[in-house]
Amino acid sequence: MSKTNVWPDLILRKLNQRKNARKLRLQSPNGIAESRYVAIGGIEQWISIRGENRRNPILLFVHGGPASSYSIFSPLIRAWEKHFTIVQWDQRGAGKTFGRNGKEGSGAITFERLVQDGIEVAQYLLRSLRQDKLILVGSSVGSVVGTRMAKRRPELFHAYVGTDQNVNIEGHQLSYRMNLKGLREANCAKGIKLFEQIGPDPSRWSLEDFDRKNRWMVKVVTPAPNMIMDLVLPSMLASPNHTFRDILSYFKGMNYSLAQLFDELISFDARKLGTRYELPYFIFQGDTDLVTPVETARDFFEDIEAPRKEFALIRNAGHLACFARPEPFLELLVQRVLPLTRATDRRSSGSAAVI
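Anchor point for the sequence shown: position 219 equals 350 in the numbering used here, and the numbering is continuous, going up by one each time.
Structure follows, in structure tokens:
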């Protein structure tokens with residue numbers, strides 16, 4: 132059952148931060164644990180690089196939100212660092228990058244600007260870690276950015292892995308119906324009223340409608356961990372690398388970025404980018420995702436043409452599947468994606484799995 136409040140996390144904040152600091156310590160002589168601001172796109176942007184062996188393949192996260200930095204989740208995926216060098220990048224307008232630059236220093240935020248920044252981040256990582264390619268993981272709104280990065284510069288990446296994959300307006304429509312059904316099953320009168328007021332047509336939603344809808348979505352009960360109450364807030368409060376000022380910047384950045392990206396996000400259509408990709412293309416999706424539903428992600432996957440493609444469901448995982456169920460997600464990465472970093476020509480017409 133999901134948490135109903137975060138008071139225990141606030142009370143135990145210092146204790147949990149110490150536990151996570153110990154968990155994040157690296158003992159390997161070949162390990163890497165570096166966090167710093169890097170000049171990207173004309174501003175300083177925060178990048179964290181962690182792994183037990185700096186020669187391991189690089190895995191770059193493109194976080195969602197908009198502006199929902201994933202560096203708070205590092206303790207949840209500590210085991211991944213045995214196999215990969217994990218890079219968390221606080222995008223323009225997000226997290227510590229927003230804290231450093233503020234509104235005035237962030238400039239105009241568009242998906243095109245984030246794509247350009249992301250490509251520059253990838254090139255920086257390949258130079259500094261002396262590798263030829265990296266694994267690109269686009270999560271939630273980050274899949275809007277990551278898909279474009281993969282389309283534009285496939286030679287930089289071993290593979291693209293989409294999770295919580297955004298596809299098009301049909302995904303928003305299906306998410307609306309699924310969440311309204313859940314609110315009705317929970318007899319949540321206020322949430323039902325709001326959903327019925329804003330209606331099922333995303334093209335008619337205002338930014339305020341979208342924000343209020345999302346606040347009620349977390350009330351819908353599923354077998355999976357709740358992305359806000361079980362994942363985001365506890366991880367944020369327990370992060371040894373985030374002060375309360377950082378947390379304040381986190382939320383300010385989310386509000387600022389959503390206001391700039393909202394229209395683009397609602398109108399995004401992945402198929403309009405073209406469905407042919409010149410690199411291996413994976414989608415690992417939570418089976419109870421109410422934000423970016425499985426159905427639209429799977430339909431999109433069927434249209435993809437790539438040298439290799441695979442679709443997998445993560446059982447009992449909703450949105451933010453890689454953090455809700457990090458062990459099975461890692462298993463998929465190790466079994467399906469990691470071999471591509473060593474192979475020169477691995478081709479497959481496509482497959483699907485449930486794990």
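Cβ atoms here follow ideal geometry from the backbone N, Cα and C, with glycine treated the same way.
Owing to the predicted nature of the structure, the values given are computational and were not obtained by experimental measurement.
Can you tell me the Cα-Cα spacing of residue i and residue j, whole angstroms?
i: Ala290; j: Asp400; result: 21 Å
i: Pro331; j: Ile323; result: 12 Å
i: Ser388; j: Gln222; result: 10 Å
i: Asn136; j: Glu316; result: 22 Å
i: Thr475; j: Arg181; result: Only weak support exists for where Thr475 lies, its pLDDT of 45 falling under 50; the value from the coordinates is given anyway. Approximately 26 Å, taken between the alpha carbons.
i: Lys213; j: Asn187; result: 8 Å
i: Ile142; j: Pro424; result: 35 Å
i: Ala170; j: Lys312; result: 46 Å
i: Glu458; j: Asn232; result: 35 Å
i: Phe326; j: Leu471; result: 44 Å
i: Gly302; j: Ser271; result: 12 Å
i: Ile435; j: Lys234; result: 37 Å
i: Met348; j: Gly172; result: 34 Å
From the options, pick the residue whose C-alpha is nearest to that of residue i; which is it?
i: Met385; options: Ser166, Ala225, Ser202, Pro470; result: Ala225
i: Ile276; options: Leu461, Lys440, Glu395, Lys150; result: For clarity, residue 276 is Val in the given sequence; the question names Ile instead. That would be Glu395, whose Cα lies nearest to the Cα of Val276.
i: Arg284; options: Gly313, Gln254, Met309; result: Gln254
i: Phe215; options: Leu191, Leu314, Gly417, Leu451; result: Leu191
i: Gln219; options: Asp263, Gly172, Gly273, Ala239; result: Gly273
i: Ile300; options: Gln148, Leu257, Leu267, Arg402; result: Arg402
i: Ser259; options: Pro371, Thr374, Ser179; result: Ser179
i: Ala437; options: Thr374, Ile174, Thr406; result: Thr406
i: Asp263; options: Met280, Glu286, Glu409, Thr228; result: Glu286
Helix, strand or coil, according to DSSP, for residue i in the structure here?
i: Gly293; result: strand
i: Asp221; result: strand
i: Lys350; result: coil
i: Arg283; result: helix
i: Lys264; result: coil
i: Ala152; result: helix
i: Gly238; result: coil
i: Val422; result: coil
i: Val298; result: coil
Whose C-beta lies closer than 6 Å to the C-beta of residue i among residues of the same chain, with five residues either side of it excluded?
i: Asp340; result: Ile329
i: Ile489; result: The shown model of the chain, from 132 to 486, leaves out residue 489, and the question about it has no answer.
Keeping to the same chain, check which residues put their C-beta closer than 8 Å to that of residue i; ignore five residues upstream and five downstream.
i: Leu338; result: Leu389, Ala390, Phe393
Excluding the 5 residues flanking residue i on each side, which residues of the same chain have their C-beta closer than 7 Å to its C-beta?
i: Pro354; result: Thr419, Asn447
- Query: Quick check: the stretch 199 to 208 against the stretch 348 to 360, are there 3 or more CB pairs under 8 Å?
  - Reply: Output reads no: the stretch 348 to 360 does not touch the stretch 199 to 208.
- Are at least three pairs of beta-carbons, each pair with one atom in the stretch 446 to 463 and one in the stretch 415 to 422, less than 8 Å apart? With a cut-off of 8 Å, the stretch 415 to 422 and the stretch 446 to 463 count as touching, because enough Cβ pairs lie within range.
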